[in-house]
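J.:
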Ligand SMILES: Nc1ncnc2c1ncn2[C@@H]1O[C@H](COP(=O)(O)OP(=O)(O)OP(=O)(O)O)[C@@H](O)[C@H]1O
Ligand SMILES: Nc1ncnc2c1ncn2[C@@H]1O[C@H](COP(=O)(O)OP(=O)(O)OP(=O)(O)O)[C@@H](O)[C@H]1O
Ligand SMILES: O=P(O)(O)OC[C@H](O)CO
Ligand SMILES: [Mg+2]
Ligand SMILES: [Mg+2]
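Residue numbers (the numbering used here), protein chains in the order written: chain Z, 40 to 335; chain U, 1334 to 1683; chain H, 1334 to 1683; chain E, 2 to 420; chain P, 148 to 429.
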């Protein structure tokens, strides 16, 4: 890892400087993670924690992977994460490409497009939930006019679409800013060279711009998947609570639900462990990406 | 191949910057024109107007016999080499060269032939499978050249193509480009702010100043008879010394300046025109106190203080004289080496 | 003020790069030493070892009579001017100059006095309240100088202090620094990779190559009698032409080379030593085909092809000759202008 | 002066929450020794699970409002709960379980006959209907449908006449369309007398009647006869009713407060419909709502405060007022009598629908209530399986089978944790 | 010229204006809804034009909220959110900047190890280990406290990274010049590095403030005392009302109020926000 070519040398000072962060990290990150690992091989006695937990080896994990509902949750998470990512990224890319060609109105559009990032996922959920509310929402009303009977209470697909929209909405701002930065970083001369090389506008986009954005696209892909998998808790909790019939029960929500609502700590811990595994894989992928990006 | 004709070309950017004003220039078929001028004088703008990358606000641009004002860059039959090369970083060298041909629907075999030919000419054959980032600066420069070559265009446009290279490589590539151009005889427009590049490469040199042409001519013409004080100050290094005629009269005999027109109130003297030998027939003498002697190998620069003049006066000698700082030195100079200007208009007056 | 003594200085970086090897150098009090050499040769490393910014792996460094190997930079009584000036961007010019004095606990009045004195000397008095970003490149350079000056240190260290300036300003600042140093007579160590700077500023010049000293001497000594092929190739522009003695024998008469030692198997010829005048007594003749004539104002570079030699041979003339490319030209050259080297050791042999 | 403060976690949002705050305030004003601080903790489920988490973290409240389905879990939590009979005895407060309705008492007493929690807000599901819509649909606004056949017919009439876009909907689907449905038709939910007689109980509600009923509901959705109002509490049900989107709705008797406030039309009250081909129907409905549990881990002085508060709540005046304001059942005979005496039922026709329906017949083993461990989670499962049926992903039978299977697994887990 | 033609621009404007409309729509709806009387929402589809109750709704929301029904007044929750957001922001910034300083400007045994410990926090969002983290906080007795709300969230590698990245771009010579000028590490930190980091601190401030303000699951779990409710979690409390209906007019007024501070922060500090965002994450 890089440092400055010249560094201070003081024996205790760096440790003192690092201490606050390291201590907090150890207490609130590392220790709970170990706790999760430990709990994942226990079955708790009872809800109130009066009877002692029992060591059960990997039963929690076995039960987890034998449970069709958990497998369903994996599938739901995949659909949700991919849906949210694709929706927010494609819309954001479209906006970014359009805004990037603007000169004077660039900042105005950017201003209008960035602020949803400030809205908490839970609030985004409430907003869209309100819009999609079957009795008073505007969307079901409009959908009804075109003959679609919207009911996210009953129809898992409707519910999924709703939470995807609510989650993607806020993320558009984020992706937009990165795409815009990415586009701005593409040297104008490359586009000009391609124009002189006889490439049409579309062709320039697909053969020059898009490939050059690919590091950013890849980065956003991972970030968005992580966002959809973890940060959208609020969206789900404030709206569908995983329903109907677990159609939107994504993994993090299930961890929470099995832990705090169903009070099944062993299973919840096992799920935490699985999630940590997923996060680590995603991080490794991201690392690869960082290396790649450096080379570009 | 074709000539390029600029007829009263003007460029006003959105926002009102007038970057190019009334430029008239005929570039003959096969000629190498170099555009020089200080930063911001409109060199790139003019070049990009020819390329079709900037709209032409006013005037007519012809390439060959076609008016191309409204043609897309792709349809102008030109090729351009950019300052930062603008190589497509995600494509191999081969594909960088082939891209323009592919877009124009060339056959695979023909593309292959042309790319290999260009690659061979530029000695980059062994890099065809590499990505640009795997190449050194000089190699990238060659690929950029190659991309222009394969197209066999009517004209080459260069925008400071060597400014990203280190000094040694710059000299080498300068020679190579010049030789290549002489061989292919493709009409070329070359922008640089490097004097040496300008002087050595141009068939004709165009000095731009604030969007206008100051002077057009061969490098030698510009050097020996700069048409304006601007050109005089811009071409030649160290720069030409400029002295008020009034002041000069106090230093030299009236005879020395007699041959100059009345209107010449500013006199230019090139540092390299001075010599330490005693004045001969037709020569005049100039005395100053040596402030600093800068020896530089085979030559030396002498910084002089002329009595009553604030600015430093510089002389350049083809040797390192054995003199010491603080002494007064007398230089001789041929009278016909004075460059007379009218300070108000900045024009040369004889 | 003090002398600087380097005794077998070595620097091995963590990771094993041996950046400086066995450097022995005595810098006299008040002397201006310029370090030159190609990129990566260890110039900055050596300078920074003197400054105390790099630890010394081996050897002894004295400033004045003190061994300073283990002193903090602040305690070595040196001041340094960095390539990018390293001005504190958030402090005013005044505070930039004052910071080092404040840290050393100087009185307010004394700080004020010294800062104003330095500012006046450097003509930056009117900028004292500005932030560095509000200054031009040349002004920043002066502030950086000022920061070194106020401290009135035993030695100045400069690491390419002019390389961020444009050509014109570089010349001007070069002259100013040199004059200032001559006035203050503060011992100085100056790193540059610019030849002209090196030649014009140094009392003595040190050429470094791969961490070792190649040659130490006055600029004129190094130019006229380079001790190694490396120095020969490095000092002078265009670079010295190098020809195998065997090959040269085929072109010129045996007499011409007779005065050279047997071991001289590589002969250097400076481009500026050639002339188009017919050979006179003590001169030899050399013929080549003109490949490219590069006129450059008062002078010109001629790229020649010598029969049977792949490399281009360059001649530099103080005028633009009236010759055309493709013709054969004969140059004359004084026999004592040949630089004989032993190709195996790279050492000069006479 | 130093008051002893006790915290009371509850799940009463909206109008009910305001009324509950009123009760606490009344108590606080009635004396100056103690202070009850109510704290709204979200839905019943959130309140209960939040309290359990808090208990594990030693942050539990004194009084916890737990809905009836949490009873099994709470009863089993020996050591965490402070049984009410004991609390009252320890503090020398007179407490007479016999004053309460049988169905209420039996629901919350342990096998030894001791009352474990303090009855507070018991309800039972009834039908609310929009008289205006009924009239517009050409139905008799004074006669609510009694059987499911009539209900379907009425709903169709509503939709077809255009009086409202939907026939009916329901809140608390599991409570109404399974738990009470079973009691009302006198069929068992589980073995061991719906769990009253042992932890080794098993669900058996995957019978043809439940399956048929769920299938019917699912099928009716296609013609808008029925609209699914969401799982758990069924959050979309009442808004649809208020908006006159649905002609009638099934919900807790305690929804009366909200209905009265939010509907600008005439509201009628009715019993649950029944299938007249099922023997024993209609039997009686069972209670819902919640009782107040006392948690361990606090000081004697604080428990004295709790006891005093419960004593306050036991007064017939307090109970009668609560019953009248909210629609919760009058849980003591005294409060019922008082309300009748005050002429409340005469002035508010239908206000006694709930109590009449619940006491229609003497309860059987199938209609005394239910007591299953982990039932909070199990009810979520049932809701979920019903959702699957409603969306057409499963048939009624499949949904019921799956609910029984998943529910039994949780029952076994609970049983295992009890040993 | 290569990129622009009139029709293309027109088309782009059309797409963008539509896009902006769609993006703004949910909040428009919220604002509209917050201006209507309560009755509007029990009688069918919500209107798209403003109602007349804005003043009433907002005053009710701010002063009482649904306090009668158990959620505290918004004023208090906003204040809590503000305290928590500020505590998280300031805490994160200060511990991050000093740890980044240690990592970049010192070489000491265990540096890589500590670097990784900190880095691990990047990989593990609190959501994935929510149950044990809750327990740890409970064991420390930090439930229902501002310490509990903020401290566990202030160890973030993100900020440390940004500072590290930034410090790496600070010219080496500045530190060297400072040393030649006689400044020790902390003096260099205070006199040079901190002033230079101001923009980065400000940029991160925006990001962290939004992060802190928008916390949801964490306050939901660790607060049982309404005195510590934050606005974002409070909204959830208002929406899930058991048997009763959400009072949409108040919910939406609350939504608007809850969204206002972070949105204003973004709008007023857009440039810093963008800088903070695009630099932190990369
Ligand atoms: N897109 C643009 N919009 C507005 N003004 C511009 C634009 N591009 C260039 N200019 C202005 O036009 C003038 C000429 O710019 P141009 O780039 O042609 O200069 P140049 O001679 O190439 O300079 P350099 O040597 O620095 O490359 C400058 O004043 C510049 O600021
Ligand atoms: N911190 C370091 N760690 C390891 N190697 C280093 C370090 N700094 C410099 N080097 C290596 O030491 C050698 C000398 O470097 P130095 O910076 O002294 O060269 P230089 O002569 O100043 O070059 P330049 O003209 O490019 O500034 C180089 O090979 C360089 O790569
Ligand atoms: O809405 P409530 O309080 O009548 O309760 C309904 C059900 O009993 C909840 O299980
Ligand atoms: Mg330019
Ligand atoms: Mg260096």
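Positions of the beta carbon are idealized from the N, C-alpha and C atoms, including for glycine.
Comparing alpha-carbon positions, which option in E/413, E/306, E/387, E/377 lies nearest residue 89 of chain E?
T.: E/306
J.: May I have the straight-line CA-CA distance separating residue 436 of chain P from residue 1493 of chain U, to the nearest angstrom?
T.: No information on residue 436 of chain P is available, as it lies outside the stretch 148 to 429 that chain P covers here.
J.: Cβ closer than 8 Å: which chain P residues qualify as neighbours of residue 269 of chain E?
T.: Within chain P, no residue comes near residue 269 of chain E; the closest Cβ sits about 18 Å away, beyond 8 Å.
J.: Of all the options P/327, P/167, P/233, which has the alpha carbon lying nearest to the alpha carbon of residue 349 of chain P?
T.: P/233
J.: Determine the extent of the alpha helix (DSSP H) in which residue 249 of chain Z is found, giving its start and end residues.
T.: Residues 249-265.
J.: Excluding five sequence neighbours on each side, which residues of the same chain lie with their C-beta closer than 6 Å to the C-beta of residue 429 of chain P?
T.: Its pLDDT being 43, under 50, residue 429 of chain P is placed unreliably by the model, and the measurement read from it follows with that caveat. There are no such residues.
J.: Indicate whether residue 1563 of chain U and residue 1679 of chain U have their beta-carbon atoms separated by less than 8 Å.
T.: Cβ distance < 8 Å, so residue 1563 of chain U and residue 1679 of chain U count as in contact.
J.: Do the region 238-248 of chain E and the region 161-172 of chain E meet, that is, are 3 or more Cβ pairs less than 8 Å apart?
T.: yes
J.: Between the C-alpha atoms of residue 1552 of chain H and residue 1530 of chain H, what's the straight-line distance to the nearest angstrom?
T.: 11 Å
J.: Closer than 7 Å: is that where the CB of residue 118 of chain E sits relative to any heavy atom of ligand 3?
T.: no
J.: Should residue 122 of chain E be counted as a contact of ligand 3 given a C-beta to heavy atom distance under 7 Å?
T.: yes
J.: For residue 187 of chain Z, which three-state DSSP category applies?
T.: coil
J.: Identify, in the order they occur along the chain, each residue of the same chain with its Cβ nearer than 8 Å to the Cβ of residue 335 of chain Z, setting aside the five sequence neighbours on each side.
T.: Residue confidence is low: residue 335 of chain Z scores 42 on pLDDT, short of 50, so the model does not pin down where it sits. No coordinate-derived value is stated.
J.: Pick out whichever of P/377, P/210, P/367, P/371 has its Cα sitting closest to the Cα of residue 272 of chain Z.
T.: P/367
J.: Could you run through the region 243-264 of chain Z and flag, in chain order, every residue whose CB is less than 9 Å away from some CB of chain U?
T.: Per Cβ criterion, the list reads 246, 247, 250, 251, 253.
J.: Under 8 Å: do the region 191-203 of chain Z and the region 272-288 of chain Z share three or more Cβ pairs, one atom per stretch?
T.: yes
J.: What do you reckon, is the C-beta of residue 1492 of chain U under 7 Å from a heavy atom of ligand 4?
T.: yes
J.: Is residue 1629 of chain U near ligand 2 - that is, is its Cβ less than 7 Å away from at least one heavy atom of it?
T.: With a threshold of 7 Å, the Cβ atom of residue 1629 of chain U does not count as near ligand 2, since no heavy atom of the ligand is closer than that.
J.: Consider the C-beta atom of residue 1376 of chain U and the heavy atoms of ligand 6; say whether any pair is separated by less than 7 Å.
T.: With respect to small molecules bound, the structure shown includes ligand 1, ligand 2, ligand 3, ligand 4 and ligand 5 and not ligand 6.
J.: Report yes or no: do the region 200-211 of chain Z and the region 163-170 of chain Z share at least 3 C-beta pairs separated by less than 8 Å?
T.: yes
J.: For residue 367 of chain P, would you say it is in contact with chain H, using Cβ-to-Cβ distances shorter than 8 Å as the test?
T.: no
J.: Could you tell me the alpha carbon to alpha carbon distance between residue 356 of chain E and residue 331 of chain E, rounded to whole angstroms?
T.: 8 Å
J.: Taking residue 128 of chain Z as the query, report the chain P residues whose CB atoms sit under 7 Å from its CB, ordered along the chain.
T.: Residues of chain P with a Cβ closer than 7 Å to the Cβ of residue 128 of chain Z do not exist, since the nearest Cβ in that chain sits about 14 Å away.
J.: Do you know whose CA, among E/34, E/36, E/11, lies nearest residue 51 of chain E's CA?
T.: E/11
J.: For residue 1663 of chain H, write down the residues that DSSP places opposite it in a beta bridge.
T.: H/1620
J.: Compare the C-alpha of residue 358 of chain P against each of P/176, P/412, P/206, P/156 and name the closest.
T.: Of the candidates P/176, P/412, P/206, P/156, P/412 places its Cα closest to the Cα of residue 358 of chain P.
J.: Along the region 48-59 of chain E, what residues have a CB closer than 8 Å to any CB found in chain P?
T.: Per Cβ criterion, the list reads 51, 54, 55, 57, 58, 59.
J.: Tell me, please, which residues DSSP counts as bridged to residue 1647 of chain U.
T.: U/1636
J.: Between residue 333 of chain Z and the rest of its own chain, which residues show a CB-CB distance below 8 Å, the 5 nearest in sequence each way excluded?
T.: Its pLDDT being 41, under 50, residue 333 of chain Z is placed unreliably by the model, and nothing is read from it.
J.: Within the 8 Å Cβ cut-off, does residue 1415 of chain H reach chain P?
T.: Yes, its Cβ sits closer than 8 Å to a Cβ of chain P.
J.: Excluding the 5 residues flanking residue 267 of chain Z on each side, which residues of the same chain have their C-beta closer than 7 Å to its C-beta?
T.: Close CB contacts of residue 267 of chain Z within its chain, under the 7 Å cut and outside five residues either way in sequence, are with 119, 120, 123, 124, 206 (chain order).
J.: Just to confirm my understanding: we take residue 148 of chain P, look at its own chain, exclude 5 residues before and 5 after, and list those with CB closer than 8 Å. What are they?
T.: Model confidence at residue 148 of chain P stands at a pLDDT of 49, short of 50, so the residue's coordinates are unreliable; what they give is reported in the following sentence. Same-chain partners within the cutoff: there are none.
J.: Counting only beta-carbon separations shorter than 8 Å, does residue 246 of chain E have a partner in chain Z?
T.: yes
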